[in-house]
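Asks: Just passing along the structure, written as structure tokens.
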Amino acid sequence: MSLTGFFPVLLSRNVQHAQAFFERCFGMATRFECDWYVHLAHPTMAFEVAVMTTAHESLPPFAQTPASGVLLSFEVSDATAEHARLASIGVELVHGLRDEAWGQRHFMLRGPDGVLVDVIERIAPSPAYEAAYRSAES
6 MSLTGFFPVL LSRNVQHAQA FFERCFGMAT RFECDWYVHL AHPTMAFEVA
56 VMTTAHESLP PFAQTPASGV LLSFEVSDAT AEHARLASIG VELVHGLRDE
106 AWGQRHFMLR GPDGVLVDVI ERIAPSPAYE AAYRSAES
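Just so it is clear: in the sequence shown, position 64 is 69 by our numbering, and no numbers are missing.
Here is the structure:
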């Protein structure tokens with residue numbers, strides 16, 4: 006298989022609200038927009054996300070519910086600074102800033118339709134977790 010791209014499509018009851026969230030919180034830019042779908046991309050990296058209404062006729066009836074059980078991770082260079090920035094603009098933080106033994110400083114916020122967003126910075130893992138990381142050359 007020759008993949009040419011990959012991006013999640015989150016189902017939402019309010020596409021415009023989700024669009025504004027990703028633009029305001031993560032600097033995403035709208036690349037395509039219509040009344041039932043929006044496609045966003047970050048201007049400095051190959052990250053894309055799309056949002057689609059739960060009411061679109063192309064979805065089977067069982068799938069016409071908002072995204073749930075989804076955790077989106079955004080890796081940043083400074084989680085402490087992002088925590089302060091997002092808190093200052095009133096984003097709902099649901100898990101405080103903390104360092105984890107597996108090599109992350111992170112915090113979580115509530116995204117559109119209850120999607121959980123994890124903002125992470127890589128830090129040195131504890132010796133117990135260090136061996137779990139595999140080299141990219143393997």
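Every residue, glycine too, gets a C-beta built ideally from N, C-alpha and C.
As the structure is a computational prediction, the values presented were derived from the model and not from experiment.
Comparing C-alpha positions only, which one of Pro117, Arg127 and Arg29 sits nearest to Gly74?
Replies: When only C-alpha atoms are compared, the closest one is Pro117.
Asks: With a cut-off of 8 Å, do at least 3 Cβ pairs link the region 89-102 to the region 39-51?
Replies: Short answer: they don't touch.
Asks: Contact defined as beta carbons within less than 8 Å: I believe Phe79 pairs with Phe31. What is the distance between those atoms, to the nearest angstrom?
Replies: Going by Cβ atoms, the distance from Phe79 to Phe31 rounds to 6 Å, so yes, they are a contact pair.
Asks: With Val20 as the anchor, note down where its beta strand (DSSP E) starts and where it stops.
Replies: First-last for Val20: Val20 to Phe31, but that is the alpha helix (DSSP H), not the beta strand (DSSP E).
Asks: By DSSP, does Gly101 sit in helix, in strand, or in coil?
Replies: Three-state result, Gly101: strand.
Asks: Which residue from Pro65, Ala23 and Arg29 puts its Cα closest to that of Ala55?
Replies: It is Ala23 whose Cα lies nearest to the Cα of Ala55.
Asks: So, with DSSP's three-state summary, where would you put Ala55?
Replies: Looking at Ala55 - three-state DSSP - the assignment turns out to be strand.
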